[in-house]
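Chemist: In the UniProt record's numbering, the protein residues as written are 1 to 283.
1. Tell me whether the segment 175-190 and the segment 256-263 touch, counting them as touching only if at least three CB pairs, one residue from each stretch, are closer than 8 angstroms.
2. Do you know offhand how far residue 126's Cα is from residue 134's?
3. Which same chain residues end up closer than 6 angstroms to residue 29 when comparing Cβ atoms and leaving out the 5 residues on each side of it in sequence?
4. When the Cα atoms are used, what is the spatial distance from residue 143 to residue 33?
5. Per DSSP, which residues does residue 50 bridge with? Please list them.
6. Among 115, 68 and 46, whose alpha-carbon lies nearest the alpha-carbon of residue 20?
7. I want to know whether the segment 210-223 touches the segment 64-73 - three or more CB-CB distances under 8 angstroms.
8. Assign residue 30 to one of three DSSP states: helix, strand, or coil.
9. From 152, 191 and 221, pick the residue whose C-alpha is nearest to that of residue 242; which is it?
10. For the alpha helix (DSSP H) that residue 2 lies in, which residues bound it at each end?
11. If we ignore side chains and look at the alpha-carbon of each, how far apart do residue 137 and residue 98 end up?
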């Protein structure tokens with residue numbers, strides 16, 4: 001087996017081990033699934049409201065949007081957070097010290113985050129089916145669309161999460177990423193259609209993958225008639241494929257470059273200095 005193939009295999013094995021540890025750790029389960037519970041509660045209380053101009057439940061319209069948002073958050077923010085924390089505690093330095101260790105580390109994280117994101121989707125989708133009506137869950141075409149949007153969305157967001165995590169040294173600076181991301185969620189039509197927004201805000205929302213992940217999920221699970229309340233009056237599958245594909249290519253090109261540069265700068269003295277600063281913050 002080639003060194004690269006061995007690193008990928010080791011990375012997948014590492015990801016499976018981390019996944020097992022995650023699902024047996026109460027704190028990790030709380031961190032991953034409490035936001036899902038909050039969204040389910042919100043959609044339960046939204047089920048009686050309707051999308052403007054229709055009789056369709058606003059809660060049912062929000063569910064697929066929230067699934068797309070969860071993929072974006074897991075891909076970009078959670079992976080970035082893990083990279084920053086494990087850069088500070090020396091995990092990345094240990095990975096760097098082994099042959100093709102950074103590749104194996106990245107493959108492991110992608111395996112872990114992809115599995116967690118998909119499980120989170122199911123945890124949110126299955127209970128919602130008991131109190132939300134009108135979702136297309138019996139159509140094979142709906143599940144096919146859900147699958148390709150989810151896979152492409154992960155490919156579009158996970159490498160960018162690795163880029164963001166590589167650029168941030170201090171975990172306290174993660175808030176600088178969280179705030180703009182929450183702003184994008186508000187702009188991206190996750191909880192309410194953006195047709196009434198000014199044109200320039202609509203344009204900003206459509207640059208980033210959060211909007212397209214939400215739109216793609218809605219196209220999978222909502223009736224065809226609900227496309228009328230979307231921009232352009234259609235689900236725009238080709239545009240979804242194109243924008244998410246562009247983000248995937250951008251991330252796959254940038255992530256290895258940024259990760260290699262970050263790994264070259266890592267040293268025992270830098271890790272020790274970060275640990276000392278962390279201890280001073282705690283004290």
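Even glycine gets a Cβ: it sits at the ideal position worked out from N, Cα and C.
Modeler: Quick answer:
1. no
2. Your numbering for residue 126 matches position 126 in the chain shown. Your numbering for residue 134 matches position 134 in the chain shown. One C-alpha to the other measures close to 14 angstroms.
3. Here the question's residue 29 lines up with position 29 in the chain shown. Counting only Cβ-Cβ distances below 6 angstroms, and skipping sequence neighbours, we find nothing.
4. Numbered from its first residue, the chain shown carries residue 143 at position 143. Numbered from its first residue, the chain shown carries residue 33 at position 33. Each residue's alpha carbon lies about 23 angstroms from the other.
5. The residue given as residue 50 occupies position 50 in the chain shown. Partner(s): 57.
6. In the chain shown, the residue the question calls residue 20 occupies position 20. Minimum Cα distance to residue 20 is reached at 115.
7. yes
8. Stepping through the chain shown from its first residue, residue 30 is reached at position 30. Helix at residue 30.
9. Residue mapping note: residue 242 aligns to position 242 of the chain shown, counting from 1. Of 152, 191 and 221, the residue nearest in Cα terms is 152.
10. By 1-based counting over the chain shown, the position of residue 2 is 2. Here residue 2 belongs to no alpha helix (DSSP H), and DSSP marks it neither H nor E.
11. Against the chain shown, residue 137 aligns to sequence position 137. Against the chain shown, residue 98 aligns to sequence position 98. Their Cα atoms are separated by approximately 46 angstroms.
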